[in-house]
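Asks: Protein chains in written order, with the numbering used here: chain A, 12 to 457; chain B, -16 to 490; chain C, 2 to 130. First the structure, then my questions, so here it is.
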Amino acid sequence: MRYIPNSPEERAGMLAEIGLSEPAELFRSIPADLRLNRPLSIIGPLAETEVLSEMNAMAGRNTAVTKPSFLGGGVYAHYSPTIVDHLIQRSEFFTSYTPYQPEISQGTLQYIFEFQTLICQLTGMEVANASMYDGSTAMAEAYLMAQRVTQRNKIIVADSVHPQYRQVAETYTQHGDAEIFTARHNPKSGRLEEITGLDSETAAVVVQSPNFFGCIEDLAKISEAAHSAGAMLIVVVTEALSLGILKPPGAFGADIVVGEGQSFGIPMSFGGPHVGLFATQEKFIRQMPGRLCGIAYDKSGRRGFVLTLSTREQHIRREKATSNICTNQGLIALAATIYMETLGRKGLREVAGRNLQNAAFAIERISAIEGYSIPHKSPTFNEFVVRGPRPAAEILETLRLEFGILGGIALSDFYPDRPNDFLVCTTELNTRSQIESLGAALHQIS
Amino acid sequence: MSIKKVTQHPSQNEALIFERSQTGRIGYTLPRPDIEEKSPEQILPQELLRDDDLAGLPEVSEVDIVRHFTRMSTWNYSIDLGMYPLGSCTMKYNSRLNEKAARIEGFAALHPLAPESESQGALELIHRLQEALAEITGLPGVSLQPAAGAQGEMTGVMLIRAFLNKRDGAEAAGRRVILIPDNAHGTNPASAAMAGFTVKTIKSTPEGLTDLEHLHRLCNEGGIAGLMLTNPNTVGIFETNIREICQIIHNAGGLVYMDGANMNALVGVARPGDMGVDVIHLNLHKTFSTPHGGGGPGCGPCCCTAELAEFLPVPRIEREESRFRLNFDYPDSIGRVKAFYGNFGMMIRALAYIYTHGPEGLREATETAVLNARYVSEKLKDTYHRPFDSDCMHEAIFSHKYQKSRGVTTLDIAKRLIDYGFHPPTIYFPLVIDGAMLIEPTESVGRADLDAFIEAMKDIDAESRENPQVVIDAPHSTRIGRLDEAAAARKPVLRWKPGLESLSKSA
Amino acid sequence: MPNIPENLRYSKDHEWVEVNGDIATIGITDYAQSSLGDVVYVDLPRAGDKFDAHEAFGSVESVKAVSEVFTPVGGQVTEVNEGLNDAPETVNTDPYGSAWFIKLKMDNPGEADGLLSAEEYEEYLSSME
């Protein structure tokens, strides 16, 4: 087998040297009646061309990738510079291990340090970790951290936070002491205007901005309310590119910022692997989950980087750990780092600006079509809700079948009381003609 | 800011990107906009916009980026360079074919909320992998949603809790104890705690196996929800009594969760489902070769018996005749553990791995992995203290007992191995062996490299006698030496800021 | 050979106690600091907190390990050594002096008599080898 450098002849020699005569003897400590006496029923072995043939056949049935798309909802289609994917495929990055031996992992450690810095800069927070699995689990971990810090158990989460994120947080907290309350958004503004149930038992108020409906939340107001009750403010960012233009959560006094970094040049890849962001203030460092990379010096005074504050983590603290996380999303964090640095100060702002512009153009076009409206009054970034004349599921299905356009996400999938509403996302990849075609198609469908 | 060069070579002096940044450099080009340009100020109210002009973010050219990361990469050891004998990590070859498969446009560019009818290929791939893993583990219920081993563990333990709640109703509140061996990985008790359980520790015998006597006694104390066990265990030995262990737990009313981190010793040879295990998690980034990437991403699927399947995370991916669909209709499911469907990109790689090997290849890989470890174990047993004489499976454990008396510890030995061109083995794990060295060559190493590793270990032992200081001060050949981790932890500096001291501490 | 001052009392968890009237000053022994390695952080309670004998009142962290610290006697914390926040390394360099952790007003002043003497602690350490 070509991945095994030890030939059968070499292996026979090794067996003999250790006093065994055949491979089966290696497993003598496994009871005979537990040993499989048949080969596994699986396909293979396949040659490269055959593997690719199977894969291409399956990939070919994912016809969604051939259609113009306005899908958002927590995962976004963005341009990724060529060098991102090229650089992460360097052997030393993608086949290396967690940097537990810092002397031979400085490449990995330095990019983690850069990633942490960039996330702090973009979110306006003081410290960021080396990544979480994704935005949804980062949010769940933030709930647990808020409980640890405040020693309170009530979490108030806006229902304009991504529904799947809220489901994950419920799973994570179901066996602990957390009590989760949902605060309803205002249907006119599309934002959280009132935080019902906020009191001295509240550990945290959780909002997403831009929220699931694309609306930018009034973080100043929410921050004030949360803090005057002694609660922490957790802000969730699912569209990380919005940070290129929008005032960051840190500037509004967020205590924890969590989010999804997939927008930073990471392929959508049917939902994963992506990269979770987690940032907080320095005073909470010891309650933070995830790996942290810090500066350290060797005997000669040379600067290096090292995983630090490990005593928070599972391999030392075990059941008292701040989290059970071990493997995170290292290589994806590298890709995001390369993206953020390649676009840099000017590019992140410029790409974010294109997103905003395209959405503004789309909103203008669509709201002018008879039968369609924009139900939420709040400002948005690159996603917005459209209200149609008929059930959105039908409209979207017609768009798909007759016009070959993936027009958006029916809100009724997540919010049963919004049958005619759908979520449209425009990124820098959507061209003018695509947006115009969407408008024309919607006009025909009404 | 003055940069003190450490050596003259530019790739040794690569500073942080922020220190390379020069105003006006750009690294990207965007197409000209095809709609009328509007500035953010024309679209959004001022108070919502950033007013810091993204100060501090780098401005560099594409060339800067390529050089920056290429240079940094040269500071890393990697599997492509050589053996990574990290016990419990299974650092095997990361195939490039798998990378090619994962990058097929129809996979990489697919949005997870695209309509099911337009994502049939992706759903089919997930389903095929589920079936393959069910066959490999002997456990039919599979969820690929967990993003990594620790998440898979948490999922597995939550399955147990959900099952007990349904079976025992109100009395399940009396079953809150999870038994965990003293040599378990730290994620085990951490995951048990997240599922609301308390932990009791089971002792090991002098032979390195679970102490059945102690297990019986703990079960008699009552309140048993289950057992978390690794098999082969974390000292590399197969728990020969696994069936009895499972029976003891089942008789006590609990379930058995197996940590599948060490599956590389079992694939194609034996199946956890046949041993009586109720639920297992796998690490695709270990056993199934998906790349470690410097710390992730992983994929930690959870496989379980038919009885536990109804509690698996939703949505489940199922086949209905020739179509594949997402099924959310499992009212007793523990819920979602991650948004969307899991780390799909890693599933592609794992399936490609399985297809490439086929049943013969998988068996050959397992045999070679175990042989390689057993060989190292036999060849070093007279040089390093070997705590157990039982057959080791895919990993061999040693301690620094002989060398310690000369003032040389496992840490020193590990650092000196770096000078010999090898990545150190896993050290100081499991905690039950003082100064543990856990060596897992995997099947991706040939005899010549194994012999070179063995020779290096023997040379280091000789050095510990003849010239211990060279071991104690190692590594000598790397770009930087041992770092002062204590100082780093006392005053943590976790991000760059303008004015940060560059490259080296001023005297 | 770990340092074991004669005038102090000791617990099997490697804490030392200095008794002055009904105030107990508590820290960790030379043996403990040397086992832990370089101390990077000490987690201390607040003045006013109450603890029973053998209850954990805080923890000590080194780079690779964390250990709970238990009070050998029951009582209420009167003073906490804030200096350890800035200089945790004094636990390694001066465990019996400037690296005291807390001062406790004992519920039961005689309780310290039941602890190990310096000689008994030394014997205990030898028996652990």
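Where is the CB? At the ideal position from N, CA and C, for every residue including glycine. All values reported here derive from a predicted model rather than from experimental measurement.
With a Cβ-Cβ cutoff of 9 Å, do E137/A and A290/A count as a contact?
Replies: yes
Asks: Determine whether the Cβ of R297/A lies closer than 9 Å to any Cβ atom of chain D.
Replies: The chain inventory of the structure shown lacks chain D, comprising the protein chains A, B and C.
Asks: Could you check which residue in A348/B, E304/B and P413/B has the C-alpha nearest to that of I508/B?
Replies: Nothing can be reported for residue 508/B, as the shown portion of chain B is limited to -16 through 490.
Asks: Just checking: is the beta-carbon of A66/C within a distance shorter than 9 Å of some beta-carbon in chain A?
Replies: yes
Asks: Check the DSSP bridge columns for Q77/C and list the partner residues they point to.
Replies: K51/C and K106/C
Asks: Check whether the Cβ of E56/C lies closer than 9 Å to any Cβ atom in chain A.
Replies: no
Asks: Do you know how far the Cα of F38/A is from the Cα of M376/B?
Replies: 8 Å
Asks: Distance, Cα to Cα, L142/B vs V239/B?
Replies: Cα-Cα distance, rounded: 11 Å.
Asks: If I measure Cβ to Cβ from P89/C and keep anything under 7 Å in the same chain, skipping five residues before and after, which residues do I get?
Replies: V40, V41, Y42 and V43
Asks: If we cut at 9 Å on Cβ distances, does K83/B have a partner in chain A?
Replies: With 9 Å as the cut-off, K83/B counts as an interface residue toward chain A.
Asks: Compute the Euclidean distance between the alpha carbons of H233/B and A173/B, then round it to the nearest angstrom.
Replies: Between H233/B and A173/B, the alpha-carbon positions lie close to 23 Å from each other.
Asks: Count the other C-beta atoms from every protein chain shown that fall within 10 angstroms of the C-beta of L9/C, then say buried if there are 16 or more, exposed otherwise.
Replies: buried
Asks: Taking Cβ positions only, does V260/B come closer than 9 Å to chain A?
Replies: no
Asks: Does the segment 320 to 333 of chain B come into contact with the segment 142 to 149 of chain A, if we say contact requires no fewer than three beta-carbon pairs (one atom in each stretch) closer than 8 Å?
Replies: yes
Asks: Beta carbon of L51/A, beta carbon of E118/B: below 9 Å?
Replies: yes
Asks: By the 7 Å beta-carbon criterion, what residues does the segment 468 to 479 of chain B contribute toward chain C?
Replies: E468, A469, A472 and R473
Asks: Got a sec: is the Cβ-Cβ distance from E62/C to anything in chain A below 9 Å?
Replies: yes
Asks: Would you please state the rounded distance, in angstroms, between the beta carbons of T249/A and G270/A? I believe it to be under 8 Å.
Replies: 6 Å
Asks: Report the option in F307/B, T170/B, Y403/B and G243/B whose CA atom is closest to the CA atom of E101/B.
Replies: F307/B
Asks: Under three-state DSSP, which class holds Y11/C?
Replies: When secondary structure is reduced to three states using DSSP, Y11/C falls in the strand class.
Asks: Can you say whether K311/B is buried or exposed, counting buried as having 16 or more other CB atoms within 10 angstroms of its CB?
Replies: Looking at the sequence provided, one finds Phe at residue 311/B rather than Lys. It is exposed - the Cβ of F311/B has fewer than 16 other Cβ atoms within 10 Å.
Asks: For a contact defined as C-beta to C-beta under 9 Å, what are the partners of V43/C on chain B?
Replies: By Cβ distance, chain B contributes nothing, its closest Cβ being about 11 Å from V43/C, past 9 Å.
Asks: Taking CB distances under 9 Å as the criterion, tell me whether S116/A reaches chain C.
Replies: no
Asks: Where do the ends of the beta strand (DSSP E) carrying G41/C lie?
Replies: The identity of residue 41/C in the sequence shown is Val, whereas the question assumes Gly. Element bounds for V41/C: V40 to D44.
Asks: For L288/A, name the three-state secondary structure that DSSP assigns.
Replies: strand
Asks: Please determine, among L363/B, Q5/B and D257/B, the residue with the shortest C-alpha to C-alpha distance to N48/A.
Replies: The shortest Cα separation from N48/A among L363/B, Q5/B and D257/B belongs to D257/B.
Asks: Mark V119/A as exposed unless 16 or more other C-beta atoms lie within 10 angstroms of its C-beta, in which case mark it buried.
Replies: Reading off the sequence shown, one finds Thr at residue 119/A, where the question assumed Val. Burial call: buried.
Asks: Using a cut-off of 7 Å between C-beta atoms, extract the partners of C72/B located in chain A.
Replies: Per Cβ cutoff of 7 Å: Y108.
Asks: Can you give the Cα-Cα distance for S187/B and S311/A, rounded to whole angstroms?
Replies: The straight-line gap from Cα to Cα measures roughly 44 Å.
Asks: Residues of chain B with a CB under 7 Å from the CB of P89/C: which are they?
Replies: R473
Asks: Return yes when the Cβ of I18/B is within less than 9 Å of the Cβ of R443/A, no when it is not.
Replies: yes
Asks: Which bits of chain A does V353/B rub up against, with CB to CB less than 8 Å?
Replies: L37 and F38
Asks: For G404/B, which residues of its own chain have a beta-carbon under 7 Å away from its beta-carbon, when the five flanking residues on both sides are left out?
Replies: G65
Asks: Can you tell me where the beta strand (DSSP E) holding P164/B begins and where it ends?
Replies: V160 to P164
Asks: Among P68/B, D417/B and A85/B, which residue has its Cα nearest to the Cα of I277/A?
Replies: A85/B
Asks: Throw me the rounded Cβ distance for the S12/C and L37/C pair, which I believe falls under 8 Å.
Replies: Wrong, their Cβ atoms sit about 16 Å apart, outside the cutoff.
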